[in-house]
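*Asks:* Each residue of the sequence shown is one higher than the one before, counting from 1 in UniProt numbering. All C-beta atoms in this analysis are idealised placements derived from N, C-alpha and C, irrespective of residue type, glycine included. Keep in mind it's a predicted model, so treat the numbers as computed, not measured.
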Amino acid sequence: MRTQIVVGNWKMNNSISESIALAEAVAAGIADIPLNCEAGIAPAFPALGQVASAISRSPLQLAAQNCHFEDNGAYTGEVSTSMLKSAGCSWVILGHSERRQYFGEDNQVVNRKVKKALAAGLKVILCVGETLEERESGVTETIVNTQVREGLQGVDDVSRLVIAYEPVWAIGTGKTASKEQAEEVHASIRATLSELYGSQTAEGIRIQYGGSVKPSNASELFAMPNIDGGLIGGASLKPEDFIAILTACK
Ligand code: 13P
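Take a look at the structure:
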């Protein structure tokens, strides 16, 4: 039985003080309720250290939204895995479609980051997903499974890996994949993981769904057999919505 995992991806939102306030509100909101899942938040880089302190007595885990694939050096503007760990992160989100779309990250770059982050001892959320055009041309599973295969090239130990299936057309659009659409792709990803790592290992890997998850649709998505929680964008910026989504875990 996989423990579901819900992570709030705050993207490029909130000042440091706003981030602390949001983290404190979520931590306070979940303090007295039994959580059936792992829960995390991913603030922007400048807020990581102070948010780490704000959630130090809460079950919330800290995630970063990106990292570089080198240890250090002349990479202006980049952040290394050791910097993330020193800021208190245990997770890093990699290969998000916004990184792929706006910052030119391809499967090879994502793969280098995944290997570096895992080698550094971080836990990784590897994001995959198709565009609307790809879905309409009927290549969803080919695209997504290629992202999985190439993103995991040379990765042997997947014990600290989570996959997030985020259809690009569902991100920030209010248009959620139906539970059946999402489940179909999640099952296909699990079949690919089974080919790569064997069925027993594949059964243990969590696959989150992301894309316009809200309190109103979280329960039905999270009830599907291959959906193991969510990666939440917009709704994670509202503490009451994020907490409602956390409580939707089975
Ligand atoms: P929304 O929940 O805002 O659609 O964003 C999803 C996402 O991209 C999380 O990483």
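In three-state terms, what does DSSP make of R149?
*Replies:* Of the three classes helix, strand and coil, the one that applies to R149 here is helix, per DSSP.
*Asks:* Do you know whose CA, among V124, L22, A31, V155, lies nearest K238's CA?
*Replies:* Among V124, L22, A31, V155, the Cα nearest to that of K238 belongs to L22.
*Asks:* Flag this pair as yes or no: are the beta carbons of V124 and L84 separated by less than 8 Å?
*Replies:* Their beta carbons are not under 8 Å apart, which means V124 does not touch L84 by this criterion.
*Asks:* In angstroms with no decimal places, state the Cα-to-Cα distance between R135 and R57.
*Replies:* Roughly 43 Å between the two C-alpha positions.
*Asks:* Would you call the stretch 151 to 163 and the stretch 217 to 224 in contact, with 3 or more CB pairs under 8 Å?
*Replies:* The stretch 151 to 163, when compared against the stretch 217 to 224, does not touch it at the 8 Å Cβ threshold.
*Asks:* Mind checking G229: buried by the 16 CB within 10 Å criterion, or exposed?
*Replies:* Result: buried.
*Asks:* Looking at the structure shown, is W10 part of a helix, part of a strand, or coil, going by DSSP?
*Replies:* Looking at W10 - three-state DSSP - the assignment turns out to be coil, as it is neither helix nor strand.
*Asks:* Within the same chain, show all residues whose beta-carbon is closer than 7 Å to that of Y75, passing over the 5 residues directly before and after it, in chain order.
*Replies:* Contacts found: H68.
*Asks:* What are the complete alpha helix (DSSP H) segments, minimum 4 residues, inside the stretch 141 to 204?
*Replies:* DSSP runs (the alpha helix (DSSP H)) wholly in the stretch 141 to 204: 179 to 197, 199 to 204.
*Asks:* Straight-line CA distance for residue 263 to L122?
*Replies:* As shown, the chain starts at 1 and ends at 250. That puts residue 263 outside it, with no answer to give.
*Asks:* Assign K11 to buried or exposed, taking buried as 16 or more other Cβ atoms, counted over all protein chains shown, within 10 Å of its Cβ.
*Replies:* It is buried - the Cβ of K11 has at least 16 other Cβ atoms within 10 Å.
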